[in-house]
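Worksheet: one structure, shown below.
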Amino acid sequence: GYGWNQTSVAQMSAYALFPTTEWTTSAHNILLDLIIWNGIPIGIVIIAYFACWFLWLNQQAKETISIIAIMMVCTVLIHAMLEFPQRYAYFLLTCGFLLGIIQAQTPVLKGIVLNKQVLRLIWGVSLILLLAIWRDYNVYVTNSNLLFKNKQPNAEVLGSNQIFVLTQFEQRLKWIEMKPETTLSDADLAVWGNFVKNKATPYNLRKYAQLLAYNGKVEQAEQQIFILQHLYRQQITLAELLKNK
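Heads up: the sequence shown begins at 304 in our numbering, then just goes up one per residue.
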């Protein structure tokens, strides 16, 4: 598989063979997405596990509340076969809550009772994590705006400009700050190549084409130009891109 939420990487990896005019960040089908992300064997195991669990829950739904809850979850699942509601927290949290209601009403269900101190610890860690996510996101937004204004990304939130949890945003800041003329190893170019495949915006494709060209990878740079020409209908050549840097 290509990794969780890496549907775009799958598309870009095969773009030369199957060019399209739309950037795909989701397969618009949760089953296909799971197979793309995890590969066929693991994807099938995950699908089979949740299918068996859902069928079991459906059999346990005897009360009116459980029946209504299972119907609400089915609505989201049908939606997930055509779109991508699973990418939104308000769908995921709601479905998890409804599935929990159904399972909690099962008469014979073994479980464990957590100590109150453990529950308080979980709540405390969760609140700290939410605060860290809020802080990291604000650091990213503020500093990315500074970079696009050609200023130093030194804005601090809560006394620091470091990103601790949302490390993917730190990678984006490094990418925005990087000059196309930077000399990189083949391994580093491959890392940034995967980054661009997952975020195949015109800005990223143009910059990566420049980066490849300045590092002597002209053929790979032309591949980025091919994507720009077909995916975004941009009439541009590599020579023009390097000239207009």
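Glycine included, each C-beta is placed from N, C-alpha and C at the ideal position.
Just so we're clear, the structure is a prediction, and the values are computed from it rather than from any experiment.
Glutamate 480 beta carbon less than 9 angstroms from that of leucine 450
Start at 1 with the first residue of the sequence shown, and residue 450 comes out as number 147. Start at 1 with the first residue of the sequence shown, and residue 480 comes out as number 177. Against a cut-off of 9 angstroms, the Cβ pair of glutamate 480 and leucine 450 comes out as a contact.
Can you tell me where the alpha helix (DSSP H) with proline 505 in it begins and where it stops? The residue labelled residue 505 in the question sits at position 202 within the sequence shown. Looking at the DSSP string, the run of the alpha helix (DSSP H) that includes proline 505 is 505-517.
For valine 379 and cysteine 398, the rounded distance between their alpha carbons: As a working mapping, residue 398 is identified with position 95 in the sequence shown. As a working mapping, residue 379 is identified with position 76 in the sequence shown. Whole-angstrom Cα-Cα distance: 8 angstroms.
Q | Exposed unless 16 or more other CB atoms sit within 10 angstroms - verdict on glycine 496 | A | Walking along the sequence shown from the start, residue 496 turns up at place 193. Buried, by the Cβ-count rule.
- Output yes or no for whether 9 angstroms exceeds the beta carbon distance between alanine 503 and glutamine 314. Position 200 of the sequence shown, counting from 1, holds the residue named residue 503. Position 11 of the sequence shown, counting from 1, holds the residue named residue 314. Against a cut-off of 9 angstroms, the Cβ pair of glutamine 314 and alanine 503 comes out as a contact.
Inset, instruction - Decide if the stretch 353-370 is in contact with the stretch 403-414; the criterion is three or more beta carbon pairs, one per stretch, under 8 angstroms apart. - result: Cβ pair count under 8 angstroms is three or more, so yes.
- Query: Out of curiosity, what's the CA-to-CA distance linking glycine 393 and glutamate 543?
  - Reply: Position 90 of the sequence shown holds residue 393. Position 240 of the sequence shown holds residue 543. It is tyrosine, not glycine, that sits at residue 393 in the sequence shown. In a straight line, the C-alpha of tyrosine 393 is about 45 angstroms away from that of glutamate 543.
* **As assigned by DSSP and simplified to three states, the class of serine 369** => Locating residue 369 in the sequence shown gives position 66, counting from the first residue. For serine 369, the secondary structure class from DSSP, reduced to helix, strand or coil, is helix.
Could you tell me the distance, in whole angstroms, from the CA atom of threonine 486 to the CA atom of phenylalanine 467?
Along the sequence shown, one-based indexing puts residue 486 at 183. Along the sequence shown, one-based indexing puts residue 467 at 164. Between the C-alpha atoms of threonine 486 and phenylalanine 467 there is a straight-line separation of about 27 angstroms.
At least three beta-carbon pairs within less than 8 angstroms, the stretch 318-331 to the stretch 527-536 = With a cut-off of 8 angstroms on Cβ pairs, the stretch 318-331 is in contact with the stretch 527-536, counting three or more such pairs.
Rounded to whole angstroms, what is the Cα-Cα separation between leucine 434 and valine 428? Residue 434 sits at position 131 when you count from the first residue of the sequence shown. Residue 428 sits at position 125 when you count from the first residue of the sequence shown. If you take the alpha carbons of leucine 434 and valine 428, they lie about 10 angstroms apart.
Would the stretch 381-389 count as touching the stretch 331-339 if we require 3 or more Cβ pairs under 8 angstroms? Yes, they touch.
Which residues in the same chain have their Cβ closer than 6 angstroms to the Cβ of isoleucine 338, if we skip the five residues on either side of it in sequence?
Within the sequence shown, residue 338 is the residue found at index 35, counting from 1. Correct list, in chain order: Gly346.
Would glutamine 309 be called buried (16 or more neighbouring beta carbons within 10 Å of its own) or exposed? Stepping through the sequence shown from its first residue, residue 309 is reached at position 6. Here glutamine 309 is buried: its Cβ has 16 or more other Cβ atoms, across all protein chains shown, within 10 Å.
Original post:
Do you know whose CA, among Leu402, Ala493, Arg438, Tyr506, lies nearest glutamate 473's CA?
Top reply: Position 170 of the sequence shown holds residue 473. Out of Leu402, Ala493, Arg438, Tyr506, Arg438 has the C-alpha closest to the C-alpha of glutamate 473.
- [ ] Find the nearest neighbour of asparagine 446 within the set Lys419, Lys477, Asn418, judged by alpha-carbon distance.
- [x] Mapped onto the sequence shown, residue 446 falls at position 143. It is Lys477 whose Cα lies nearest to the Cα of asparagine 446.
Please list the segments of the beta strand (DSSP E) lying wholly inside the stretch 362-433, counting only runs of 3 or more residues, in order along the chain. Taken in chain order, no unbroken stretch of beta strand (DSSP E) lies wholly in the stretch 362-433 with a span of 3 residues or more.
### Task
Sort out for me which residues DSSP pairs serine 329 with in a bridge.
Taking the first residue of the sequence shown as position 1, residue 329 is located at position 26. In the DSSP assignment, serine 329 forms no beta bridge with any residue.
By Cβ distance below 8 angstroms, which residues in the same chain neighbour asparagine 457 in space, the five residues on each side in sequence not counted? For the purposes of this step, residue 457 is identified with residue 154 of the sequence shown, where counting begins at 1. Within its own chain, the residues whose Cβ lies closer than 8 angstroms to the Cβ of asparagine 457, once the five positions on either side in sequence are excluded, are Asn446, Leu449, Asn464, listed in chain order.
Is the beta carbon of glutamine 389 closer than 9 angstroms to that of leucine 395?
Working through the sequence shown from its first residue, we reach residue 395 at position 92. Working through the sequence shown from its first residue, we reach residue 389 at position 86. Contact flag set, yes.
Got a sec, what are the start and stop residues for the alpha helix (DSSP H) leucine 487 sits in? One-based indexing of the sequence shown puts residue 487 at position 184. It is not in any alpha helix (DSSP H) - leucine 487 carries neither H nor E in the DSSP assignment.
For this session: With DSSP as the reference, please indicate the residues paired to serine 463 in a beta bridge.
Result: Your numbering for residue 463 matches position 160 in the sequence shown. Answer is Val460.
**Prompt:** Which two residues bound the contiguous alpha helix (DSSP H) that contains threonine 310?
**Reply:** In the sequence shown, counting from the first residue as 1, residue 310 sits at position 7. For threonine 310, the enclosing alpha helix (DSSP H) begins and ends at 310-316.
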